[in-house]
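Here is the structure we will look at.
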Amino acid sequence: MIKEIIVVEGKDDIRAVKNAVDAEVIATGGYGYSKELINRLKKISERRGVIILTDPDFEGERIRRNISKDLKNCKHAFLPRRKALKKGDIGVENAGKEDIIEALKKARPASVKRIEKFTHDDMINFGLTGSNNSKRRREILGEILGIGYGNSKQFLNRLNNYGISKEEFIDGLKEMEKWNGR
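Per the UniProt record's numbering, the very first residue in the sequence shown carries number 1; after that it's consecutive.
What follows is the structure, encoded as structure tokens:
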């Protein structure tokens, strides 16, 4: 059983996560969640911890950002968009069991103190911004590192906020070069 409580957006997400792992799962009900839910999650996070696993879309990222402002010690799990997509619908509920398990295994806390290991120059030098395939490279590397996709500014923030080491980053780049067309 996973110790932490997993926070998702909806009832179908709860079903998908419970089908993949033995865990307690709470749904926000979308962006319009209540202050009571936040207070409940604060108490839970002190005792057991919280993992946020929202949909890999704009609304999911917005929910993640807002909840994590209130819950300072939560972990973040990310599903790649391509693994959460089914007939044009994007969501945790569309992901396979193994994909959900993999995302939860890679869950990371956001750093309390931001350490700027990575710079905009790194993003340029490693082809993560400013080139024709930068977006695809960020998608793949984000999946490998378990930090999800973001535009170049968001991706740089995630590299620094989720404690990615230079070694992990370089290993991820090497792994990315093996992907060709996945």
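Here a beta-carbon is modelled for each residue, glycine too, at the ideal position from N, C-alpha and C.
With DSSP run on the structure shown, which of helix, strand or coil describes residue i?
i	result
residue 37	helix
residue 106	coil
residue 16	helix
residue 86	strand
residue 92	helix
residue 26	strand
residue 175	helix
residue 152	helix
residue 1	coil
residue 45	helix
residue 69	helix
When the Cα of residue i is compared with those of the options, which residue comes out closest?
i	options	result
residue 11	24, 142, 4	24
residue 96	33, 50, 107, 21	21
residue 1	148, 104, 160, 27	104
residue 174	126, 85, 18	126
Here's the rule: buried if 16 or more other CB atoms are within 10 angstroms of the residue's CB, otherwise exposed. What is residue i?
i	result
residue 9	buried
residue 29	exposed
residue 69	exposed
residue 158	buried
residue 185	The shown model of the chain, from 1 to 182, leaves out residue 185, and the question about it has no answer.
residue 129	buried
residue 162	buried
Opposite residue i in the DSSP bridges: which residues?
i	result
residue 51	6, 75
Mind reading off the beta-carbon distance from residue i to residue j? Whole number of angstroms is fine, and I expect it under 8 Å.
i	j	result
residue 53	residue 92	6 Å
residue 27	residue 14	5 Å
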